[in-house]
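Shown next, in C-alpha cells, is the structure this report addresses.
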Amino acid sequence: MPTTAPPATRQSDLVRAARRESVTRTPVWFMRQAGRSLPEYRAVRKGIPMLESCMRPELVTEITLQPVRRHGVDAAIFFSDIVVPLKAIGVDLDIVPGVGPVVARPIRTRDDLDQLVPLTPEHVPFISEAVRLLVAELGETPLIGFAGAPFTLASYLVEGGPSKNHEKTKALMHGDPELWDALCARLAQIAGEFLRVQAEAGASAVQLFDSWAGALSRADYAARAMPHSAVALGAVADLDVPRIHFGVGTGELLTLMGEAGADVVGVDYRVSLTDAVDRLGPTYAVQGNLDPALLFAPWDALERRVREIVEEGRRAPGHIFNLGHGVLPDVDPDVLTRVTALVHECSSRR
Numbered sequence: 001m002p003t004t005a006p007p008a009t010r011q012s013d014l015v016r017a018a019r020r021e022s023v024t025r026t027p028v029w030f031m032r033q034a035g036r037s038l039p040e041y042r043a044v045r046k047g048i049p050m051l052e053s054c055m056r057p058e059l060v061t062e063i064t065l066q067p068v069r070r071h072g073v074d075a076a077i078f079f080s081d082i083v084v085p086l087k088a089i090g091v092d093l094d095i096v097p098g099v100g101p102v103v104a105r106p107i108r109t110r111d112d113l114d115q116l117v118p119l120t121p122e123h124v125p126f127i128s129e130a131v132r133l134l135v136a137e138l139g140e141t142p143l144i145g146f147a148g149a150p151f152t153l154a155s156y157l158v159e160g161g162p163s164k165n166h167e168k169t170k171a172l173m174h175g176d177p178e179l180w181d182a183l184c185a186r187l188a189q190i191a192g193e194f195l196r197v198q199a200e201a202g203a204s205a206v207q208l209f210d211s212w213a214g215a216l217s218r219a220d221y222a223a224r225a226m227p228h229s230a231v232a233l234g235a236v237a238d239l240d241v242p243r244i245h246f247g248v249g250t251g252e253l254l255t256l257m258g259e260a261g262a263d264v265v266g267v268d269y270r271v272s273l274t275d276a277v278d279r280l281g282p283t284y285a286v287q288g289n290l291d292p293a294l295l296f297a298p299w300d301a302l303e304r305r306v307r308e309i310v311e312e313g314r315r316a317p318g319h320i321f322n323l324g325h326g327v328l329p330d331v332d333p334d335v336l337t338r339v340t341a342l343v344h345e346c347s348s349r350r
C-alpha cells in the first residue's frame with residue numbers, strides 16, 4: 001500500500017504552494033543550498049570523496065540539515081548526486097573534483113546497455129535510512145527528494161562526462177533512435193525508482209532535474225526526452241508527493257515539462273515568472289527564479305530583484321521562491337539568509 005508524505009508537512013507552505021493552495025507566505029529554498037557555499041559543509045566533507053559522502057546516512061543527514069538551520073528555509077533538499085543511483089547499480093563512474101561525473105565505459109552500443117540493470121530499493125538502503133533520519137529531525141519542515149532526468153543522465157553516460165555541446169548524445173539520439181530510447185527507458189526506471197525510494201521513506205515532495213534539457217529543440221525534447229521523463233515522474237504518481245520538474249535554459253520547453261507530469265514547473269533565470277505563468281496557465285505552480293549571480297550584487301539591487309520576483313510570483317496559482325539555478329560556490333551564505341528573510345517578510349499574508 002503506497003505511503004504518503006509525513007502528516008506534519010502537509011500543511012507546510014512548501015507543500016501547499018506546490019499544490020496551488022493558499023499559503024501564509026511564499027516558501028523559499030535554494031537549489032544546491034546544501035553544499036560547498038557553507039563552511040560547515042566543507043568542514044564535515046573534508047577528506048571524504050563526494051560519492052562516499054552521499055552513501056553515509058549520518059553525513060547526508062547533517063549536510064542536508066545545515067542550510068535549514070542556517071538560513072531558515074522552508075524545505076530541505078536531500079543531499080545526494082544525480083549519478084548516485086547509477087553508481088549503486090554498478091556503473092563504473094566517479095565524480096572528479098573540478099570536472100564532474102566521469103564514466104569509465106561510455107554507453108554507445110547495444111552491448112554497453114548491460115551496465116544498466118533495474119534499480120531496486122535493495123541497491124540504495126543508505127538512501128532510505130538517510131531520509132528516515134532526516135524526516136525525524138525536520139519535523140514540520142518538508143524534505144524534497146530528487147533524481148536526475150533520463151536525458152541528462154543519458155548525456156553523461158554517452159559523452160563519458162560533462163559536455164558543452166552534447167555532440168555524441170545528439171548523434172546517438174538521431175543516428176540510432178531505437179538505441180537511444182532503449183537507453184532512456186532504462187534510465188527512466190532508475191530515476192523513477194530513486195524518486196520512489198525517497199518518497200516512500202518520507203520525502204514530502206520530489207524534484208526531477210533535467211540539467212541539460214535546454215540543449216534540445218522543442219521537437220527533439222517532445223519526441224526523445226519528455227516521454228522518458230514522464231515515466232520517471234509517473235513512478236510516484238500514486239504517492240502523496242508534489243512533483244517539481246526543473247531544467248536549465250528550458251523557456252521553450254516549459255509547457256512540455258509540465259505535461260510530463262509535474263505539479264510545479266521550475267523556471268530558470270532566463271525567463272521571467274510573468275512570461276512563464278502566461279505560458280503555463282493555471283494548471284501548474286512555478287518555482288524560481290533569481291539569477292544566482294545576483295547574490296554577488298549590492299544589497300539594494302538584490303533586494304529590488306527579490307521583491308520583483310515575489311510580486312511576479314503572485315500571478316501564479318502557486319509560487320516557490322528559488323534561484324534560477326544552483327547556489328554558486330563562492331557566494332556569501334549570509335546573503336542567502338538575508339534573501340530568505342526578505343522573501344518571508346515581503347510575501348507574508350498574515
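In this text, residue positions in the sequence shown follow the UniProt record's numbering: the first is 1, and each later residue adds one. Ideal Cβ placement from N, Cα and C applies to all residues, glycine included.
Test item: CB-CB of residue i and residue j under 8 Å
i	j	result
residue 291	residue 326	no
residue 151	residue 210	yes
residue 306	residue 339	yes
residue 144	residue 230	no
residue 271	residue 247	no
residue 81	residue 54	yes
residue 273	residue 265	no
residue 190	residue 85	yes
residue 239	residue 199	yes
residue 114	residue 104	no
residue 423	residue 161	Shown here, the chain extends from 1 to 350; a query on residue 423 therefore has no answer.
residue 201	residue 241	no
residue 15	residue 142	yes
residue 36	residue 329	yes
residue 139	residue 8	yes
Per-residue DSSP class, three states only, for residue i
i	result
residue 261	coil
residue 207	strand
residue 1	Caution is warranted here: a pLDDT of 39 is assigned to residue 1, below 50, making its placement in the model unreliable, and no coordinate value can be reported.
residue 243	strand
residue 89	coil
residue 59	helix
residue 180	helix
residue 48	coil
residue 76	strand
residue 197	helix
residue 151	helix
residue 381	What the structure shows of the chain is the stretch from 1 to 350, and residue 381 is not part of that stretch, so it cannot be assessed.
residue 144	strand
residue 305	helix
residue 115	helix
residue 328	coil
residue 7	helix
residue 162	coil
residue 109	coil
residue 190	helix
residue 81	coil
residue 120	coil
residue 222	helix
residue 336	helix
residue 271	coil
Per-residue burial, residue i [other beta carbons within 10 Å of its own, 16 or more giving buried]
i	result
residue 109	exposed
residue 27	buried
residue 175	exposed
residue 299	exposed
residue 296	exposed
residue 315	exposed
residue 192	buried
residue 313	buried
residue 1	Here the model assigns residue 1 a pLDDT of 39, short of 50, so the residue's position is not dependable and the matter cannot be decided.
residue 6	buried
residue 207	buried
residue 48	exposed
residue 219	exposed
residue 304	exposed
residue 170	buried
residue 136	exposed
Whole-angstrom C-beta distance between residue j and residue i, which should lie under 8 Å
i	j	result
residue 25	residue 318	Actually they are not in contact, since the Cβ atoms of residue 25 and residue 318 sit about 13 Å apart, beyond 8 Å.
residue 233	residue 276	Their Cβ separation, rounded to whole angstroms, is 19 Å, which puts residue 233 and residue 276 out of contact at 8 Å.
residue 61	residue 34	Not quite, the Cβ-Cβ distance comes to about 11 Å (not below 8 Å), so this is no contact.
residue 13	residue 74	6 Å
residue 228	residue 188	4 Å
residue 343	residue 321	5 Å
residue 280	residue 254	6 Å
residue 310	residue 347	5 Å
residue 236	residue 196	5 Å
residue 78	residue 131	7 Å
residue 97	residue 158	The pair is not a contact, with the Cβ atoms about 23 Å apart (cut-off 8 Å).
residue 18	residue 244	7 Å
One or two residues paired with residue i in a DSSP bridge
i	result
residue 287	266 and 320
residue 101	95
Chain C contact for residue i (CB, 8 Å cutoff)
i	result
residue 24	Protein chains in the displayed structure number just one, and chain C is not present.
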